[in-house]
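Enquirer: Numbering (this note's numbering), first residue to last: 551 to 812.
A single structure is presented below for examination.
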Amino acid sequence: LSFLPSGFLGLVVAGLIAAYMSTISTHLNWGSSYVVNDFYRRFVKTDAGETHYVSVGRITNVLLMVVTCIFALLLSNALQAFNILLQIGAGTGLIFILRWFWWRINAYSEITAMVVSFAVALYFNFVHSYTGLPELSASMQMLSGVAITTVAWVIVTFLTKPADMKTLAKFHKLVQPGGPGWEVVREASRNLNLPEAQELQSGWRVPQGILGMVMGCLGVYSLLFATGYWIYGNTTPAIAMTVLAITMMVGLLKLWPKLSSE
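So, in structure tokens, the structure goes:
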């Protein structure tokens, strides 16, 4: 910004402001839609007209903006906000993965994970320093958050009832997760003579999908590093990264037809 002439500097500033306003408006509308459609419309007032829900959405927008402004005043820098998001994501990441492998996880499990992970992130960033306890490194905070959140949602999972078998069978038919974690649903569907029972596949394509994901990631990142090494004239690592990228891409191309056919 220090070297741009006045005209271009104005364009850059206008672009930054536009990007900022776009991000703010997107997340406010996103948040209010969650509150109105997923909570208010479902549990509080289920039979109101669209005008009423639009009004509630506007009020929610204002409240979210006020809460966000207060929260922003508590932060010392943008990195702290990023660390909070990272802490929340680390706590909920495990359940968001395991829900595709284990039929027992339900809505209460996921809600518990999100609430506890958020509470742990707030504790480490705003409360822990006032407790007199030893300070924890960022990595230890993240590991503690994952451990606490995981224990909480596992306990809630076993204390609450699973979704009914009809819902689970429909989900299985739509997603086809397969694997040993869904054998209970397949067996129950056959015993209950559910219409979806004949269409529930016992085959498990997740391992091949994970292999394809790993190969794709290695191929893309090795290609990026190879480009940088070639530009800077580092021939040996450039050749190694290029060979790795080509190998991963060829392997992915051979694996792709099998994944697509399933």
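For each residue, glycine too, the CB sits at the ideal point set by N, CA and C.
In its own chain, which residues sit with a C-beta less than 7 angstroms from the C-beta of L794, not counting the 5 before and 5 after it?
Expert: What you label residue 794 is simply residue 244 of the sequence shown in a count that begins at 1. Contacts found: L768 and S772.
Enquirer: Looking only at its chain, what residues have a beta carbon closer than 6 angstroms to the beta carbon of S582, apart from the 5 residues adjacent to it on each side?
Expert: Residue 582 sits at position 32 when you count from the first residue of the sequence shown. Taken in chain order, the residues that qualify are G607, T610 and N611.
Enquirer: Within a Cβ cutoff of 6 angstroms, which residues of the same chain sit near P712, ignoring the five residues on either side of it in sequence?
Expert: For this step, residue 712 is matched to residue 162 along the sequence shown. The residues are R654 and N656.
Enquirer: Suppose you measure from the CA of L561 to the CA of W650; what does that come to, to the nearest Å?
Expert: The residue given as residue 561 occupies position 11 in the sequence shown. The residue given as residue 650 occupies position 100 in the sequence shown. Spanning the two alpha carbons is a distance of roughly 46 angstroms.
Enquirer: The alpha helix (DSSP H) that contains T681, what's its start and end?
Expert: Here the question's residue 681 lines up with position 131 in the sequence shown. Neither: T681 is in no alpha helix (DSSP H) and is coded neither H nor E.
Enquirer: Let's see if you can read the secondary structure: which residues bound the alpha helix (DSSP H) around N579?
Expert: Position 29 of the sequence shown, counted from the first residue, corresponds to residue 579. Start and end: S556 to S583.
Enquirer: Under a three-way DSSP split, which group does F651 fall into?
Expert: As a working note, residue 651 is residue 101 in the sequence shown. Reduced to three states, the DSSP call for F651 is coil.
Enquirer: With W780 and A790 assumed to form a contact (beta carbons below 8 angstroms), what rounded beta-carbon distance in angstroms separates them?
Expert: Counting from one through the sequence shown, the residue named residue 780 turns up at place 230. Counting from one through the sequence shown, the residue named residue 790 turns up at place 240. 12 angstroms between Cβ atoms; not a contact.
Enquirer: Taking just the CA atoms, how far does I647 sit from S689?
Expert: On the sequence shown, residue 689 is found 139 positions in, with the first residue counted as 1. On the sequence shown, residue 647 is found 97 positions in, with the first residue counted as 1. Approximately 21 angstroms, taken between the alpha carbons.
Enquirer: How many Å lie between T777 and I634 at the Cα?
Expert: Counting from one through the sequence shown, the residue named residue 777 turns up at place 227. Counting from one through the sequence shown, the residue named residue 634 turns up at place 84. Near 33 angstroms, if we compare the C-alpha coordinates of I634 and T777.
Enquirer: Tell me whether the beta-carbon of T699 lies closer than 8 angstroms to the beta-carbon of S667.
Expert: Taking the sequence shown and counting its residues from 1, the one referred to as residue 699 is at position 149. Taking the sequence shown and counting its residues from 1, the one referred to as residue 667 is at position 117. In this structure, S667 lies closer than 8 angstroms to T699 by Cβ.
Enquirer: Tell me which same chain residues have a C-beta within less than 8 angstroms of the C-beta of Q637, skipping the five on either side of it?
Expert: By one-based count along the sequence shown, residue 637 stands at place 87. These residues qualify, in order along the chain: S667, V670, A671, F674, N675, Q691, M692 and G695.
Enquirer: What number of angstroms, rounded off, separates the C-alpha of F553 from the C-alpha of A568?
Expert: Mapped onto the sequence shown, residue 553 falls at position 3. Mapped onto the sequence shown, residue 568 falls at position 18. Near 21 angstroms, if we compare the C-alpha coordinates of A568 and F553.
Enquirer: When the Cα atoms are used, what is the spatial distance from W624 to W580?
Expert: Here residue 624 is taken as the residue at index 74 of the sequence shown, counted from 1. Here residue 580 is taken as the residue at index 30 of the sequence shown, counted from 1. Correcting the residue type first, residue 624 is Leu in the shown sequence and not Trp. So the alpha carbons of these two residues sit roughly 23 angstroms apart.
Enquirer: Can you tell me which of the three DSSP states N743 falls into?
Expert: Stepping through the sequence shown from its first residue, residue 743 is reached at position 193. Here N743 sits in coil by DSSP.
Enquirer: Is Q691 helix, strand or coil when you go by DSSP?
Expert: Counting from 1 along the sequence shown, the entry for residue 691 is found at position 141. DSSP places Q691 in helix when its eight states are reduced to three.
Enquirer: Determine the direct distance from the alpha carbon of T707 to that of L686, and round the result to whole angstroms.
Expert: To locate residue 686, count along the sequence shown from 1; it is residue 136. To locate residue 707, count along the sequence shown from 1; it is residue 157. So the two alpha carbons sit approximately 29 angstroms from each other.
Enquirer: Excluding the 5 residues flanking V756 on each side, which residues of the same chain have their C-beta closer than 8 angstroms to its C-beta?
Expert: Here residue 756 refers to the residue found at position 206 of the sequence shown. Result list for V756: W650, F651, P727, G728 and G729, in chain order.
Enquirer: Let me confirm a value: S659 is counted as buried when at least 16 other C-beta atoms fall within 10 Å, else exposed. Which label applies?
Expert: Locating residue 659 in the sequence shown gives position 109, where the first residue counts as 1. S659 should be labelled buried.
Enquirer: Along the alpha helix (DSSP H) that carries A719, what are the first and last residues, could you check?
Expert: Taking the first residue of the sequence shown as position 1, residue 719 is located at position 169. Where A719 is concerned, the enclosing alpha helix (DSSP H) stretches over M715 to V725.
Enquirer: State buried or exposed for T642, treating a residue as buried only when at least 16 other CB atoms are found within 10 Å of its CB.
Expert: Sequence index remark: in the sequence shown, residue 642 carries index 92 (1-based). Per the 10 Å Cβ criterion, buried.
Enquirer: Can you grab the Cα-Cα spacing for the pair I574 / N784, in whole Å?
Expert: If you number the sequence shown from 1, residue 574 lands on position 24. If you number the sequence shown from 1, residue 784 lands on position 234. Using only the alpha carbons, I get a separation of about 42 angstroms.
Enquirer: Could you give the C-beta distance for L718 and M765, rounded to a whole number, given that I count them as a contact under 8 angstroms?
Expert: Here residue 718 refers to the residue found at position 168 of the sequence shown. Here residue 765 refers to the residue found at position 215 of the sequence shown. Contact flag wrong, Cβ pair sits at about 31 angstroms.
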